[in-house]
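The next block holds one structure in the form of C-alpha cells; read it before the comments.
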Amino acid sequence: MSRILSGIQPTGYLHLGNYLGAIRNWVTMQNDYECLFCIVDLHALTTPQDPQMLRQSIRTAAAVYIAAGIDPKRSIIFNQSQVTGHTQLSWLLSCLTPLGWLNRMTQFKDKAGKQKDQASLGLYAYPVLMAADILIYQATHVPVGEDQKQHLELARDIAGTFNRAYKTEFFPLPEPQILGTATRVMSLRDGLAKMSKSDPSDYSRIHLMDNADTIALKIRKAKTDPAPLPFSPKELESRPEALNLINIYAALQGKTLENVCQQFAGQSFAVFKKELTDILVATLGPITQESQNLLKDISSIDALLAEGNAKANLIAQKNIEEVHNIMGLLRP
Ligand code: TYM
Numbered sequence: 008m009s010r011i012l013s014g015i016q017p018t019g020y021l022h023l024g025n026y027l028g029a030i031r032n033w034v035t036m037q038n039d040y041e042c043l044f045c046i047v048d049l050h051a052l053t054t055p056q057d058p059q060m061l062r063q064s065i066r067t068a069a070a071v072y073i074a075a076g077i078d079p080k081r082s083i084i085f086n087q088s089q090v091t092g093h094t095q096l097s098w099l100l101s102c103l104t105p106l107g108w109l110n111r112m113t114q115f116k117d118k119a120g121k122q123k124d125q126a127s128l129g130l131y132a133y134p135v136l137m138a139a140d141i142l143i144y145q146a147t148h149v150p151v152g153e154d155q156k157q158h159l160e161l162a163r164d165i166a167g168t169f170n171r172a173y174k175t176e177f178f179p180l181p182e183p184q185i186l187g188t189a190t191r192v193m194s195l196r197d198g199l200a201k202m203s204k205s206d207p208s209d210y211s212r213i214h215l216m217d218n219a220d221t222i223a224l225k226i227r228k229a230k231t232d233p234a235p236l237p238f239s240p241k242e243l244e245s246r247p248e249a250l251n252l253i254n255i256y257a258a259l260q261g262k263t264l265e266n267v268c269q270q271f272a273g274q275s276f277a278v279f280k281k282e283l284t285d286i287l288v289a290t291l292g293p294i295t296q297e298s299q300n301l302l303k304d305i306s307s308i309d310a311l312l313a314e315g316n317a318k319a320n321l322i323a324q325k326n327i328e329e330v331h332n333i334m335g336l337l338r339p
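Numbering (the working numbering), first residue to last: 8 to 339.
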C-alpha cells in the first residue's frame, strides 16, 4: 500500500516556494494515493512564536491547503500537536539516533548559526520529530521541495536502524518525491538564496495571501540584471535572478525553460515581468480569495481540523501501540 505524508510549518504566511515545491504536487497526488497533510505546529515552536500569531497561522495554513485544492473528504488535513503519537514516536526514535547524524544536518547549522550552544534541544532534534511524523503513519512517499532531502535521508536511515535493531520490517523506507521544475524557488532579492518564510524582507517572497497589487510590486522590485531575456537556458548559468524568474514562469505555465526562453528571447525584463505578474495573479488570486472566505468562519476550519485529527489519531494510536510492543514496552 502507498501512503503519502507531508507537512508545512505554520510560521508566518505560506509562500510561492511552498506552493510550487509542495502544495501543488500534493493536490495531484490525491488522485493516486492515500494522503495525510499535516500542519507541523510543533516544528514551528523550534523558533520563537507569538501565541496569537501562531494560532492564526495554523488556521491560515489549513485554509490555504483547502483553497489550493486539498480535499478534506479525500485527504486527511490535521494538526501535528493534536496527534500525540508524533511526540511519543519521536522519543522512541531519538533513542536510536546517533548524535553524529544530527550534527551533519545543514538546516540545524544554518538556523543555529555561530551560537550553537544557545540553540534549543528542539531545533537540534527537529529532524527526529520529522522522521516520526512520517513513520508513525508508515508513509511510503513524501512530496517535498529540494531543501528537505537531507531530512528525508535521515528519516530513511532511522527507519532502517529501527527495523534492523528489532528484526522487523515495520517501517517502510519513505521515498522522497521531489517533483516538477520548481523544487527550489529562490528569493526575489537574491537568486542564490532560497525563498523562505524566515527571510527578513517581505520583498524576497510572494505570500499566498498577497493581493494583485502587492504581487505586481514585488515582481517589479524583483532583482534582475541589465541584459535582456536570453535565447537559451545555457545563457542563464551566471544569471541566478533571471533564471529564478524564468523558472517560476515555466513552472506556473507547465513549460520548459527552453520554451520560455524562445517565447521572450531578446525582450526586456519589463515586458517579461508584466506577463509573470499576470500569471501569478491568475494562479494565486483564486487561492487567496478562497482562503479569505474560509477564514471568515474559523469554527468551520477548527471543525475540519478536528475531524482530520481524529482520523490521523486512529492510525497513529494503533501504530504507536505496535511500536511499543516491538520495543518491549507494555501495551495500555
Ligand atoms: P517548510 O515549512 O520549510 O516547507 C514546506 C514545504 O515547502 C517546500 N519549500 C520549498 N520548495 C521549493 N522552493 C522553496 N523555496 C521552498 N521553501 C519551502 C519544502 O521543501 C517543504 O516541502 N521540515 C519541513 C516540514 C515537515 C515535514 C514533515 C515535511 C515537518 N515534518 C514531514 C514532510 C514530512 C519544513 O520545514 O518545511
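The beta carbon of each residue, even a glycine, is placed where N, CA and C say it ideally should be. Keep in mind that this is a model prediction, so the values were computed, not measured.
Query                                                                                                                        : Result
Any alpha helix (DSSP H) of 4 or more consecutive residues that is wholly inside the region 257-323                          : 264-271 and 276-302
Residues near residue 312 by beta carbon distance below 6 Å, same chain, minus five either side                              : 69 and 86
Residues of its chain near residue 222, where Cβ-Cβ distance is below 8 Å and the 5 sequence neighbours each way are ignored : 213, 284, 287, 288 and 291
Span of the beta strand (DSSP E) around residue 83                                                                           : 83-86
The region 126-134 in contact with the region 37-47 per 3-pair CB rule at 8 Å                                                : no
Where residue 182 sits in the DSSP three-state scheme                                                                        : strand
For residue 58, three-class secondary structure by DSSP                                                                      : helix
Counted within 10 angstroms of its Cβ, other Cβ atoms place residue 248 as buried (16 or more) or exposed                    : buried
Residue 43 in three-state terms, based on DSSP                                                                               : strand
Contained alpha helix (DSSP H) runs [length at least 4] in the region 82-131, N- to C-terminal order                         : 92-101, 106-110 and 113-119
Secondary structure of residue 17, DSSP reduced to three states                                                              : coil
Other residues of its chain near residue 302: CB distance less than 8 Å, five sequence neighbours each side excluded         : 66, 67, 70 and 308
Distance CB(residue 202)-CB(residue 295) smaller than 8 Å                                                                    : no
Where residue 135 falls: helix, strand or coil (DSSP)                                                                        : helix
Endpoints, the alpha helix (DSSP H) within which residue 158 is located                                                      : 156-172
Whether residue 27 touches residue 189 by CB criterion (8 Å)                                                                 : yes
Three CB pairs or more closer than 8 Å across the region 164-173 and the region 228-242                                      : no
Per-residue burial, residue 140 [other beta carbons within 10 Å of its own, 16 or more giving buried]                        : buried
Residues near residue 112 by beta carbon distance below 6 Å, same chain, minus five either side                              : 134
Of the listed residues 54, 200 and 185, nearest to residue 160 (C-alpha basis)                                               : 185
Backbone CA spacing between residue 84 and residue 245 [nearest angstrom]                                                    : 41 Å
Residue 316 beta carbon near ligand 1 (any heavy atom closer than 7 Å)                                                       : no
Buried/exposed call for residue 192, threshold 16 Cβ in 10 Å                                                                 : buried
Opposing strand residues paired with residue 12 [DSSP bridges]                                                               : 43
Sequence-distant residues of the same chain with beta carbon closer than 8 Å to residue 200, five excluded per side          : 193, 194, 206 and 211
With 16 other Cβ atoms within 10 Å as the buried cut-off, status of residue 335                                              : exposed
Integer Cβ distance of residue 251 from residue 198, believed to fall under 8 Å                                              : 5 Å
Strand pairing of residue 193, partner residues [DSSP]                                                                       : 201
Beta-bridge partners of residue 149, as assigned by DSSP                                                                     : 183
Of the residues 41, 218 and 104, the one placed nearest residue 172, counting alpha carbons only                             : 104
Candidates 322, 42 and 38, of which the one nearest residue 12 by Cα                                                         : 42
Beta-carbon proximity list for residue 219, same chain, < 6 Å, skipping 5 on both sides                                      : 288
Contact under 8 Å by Cβ, residue 96 with residue 143                                                                         : yes
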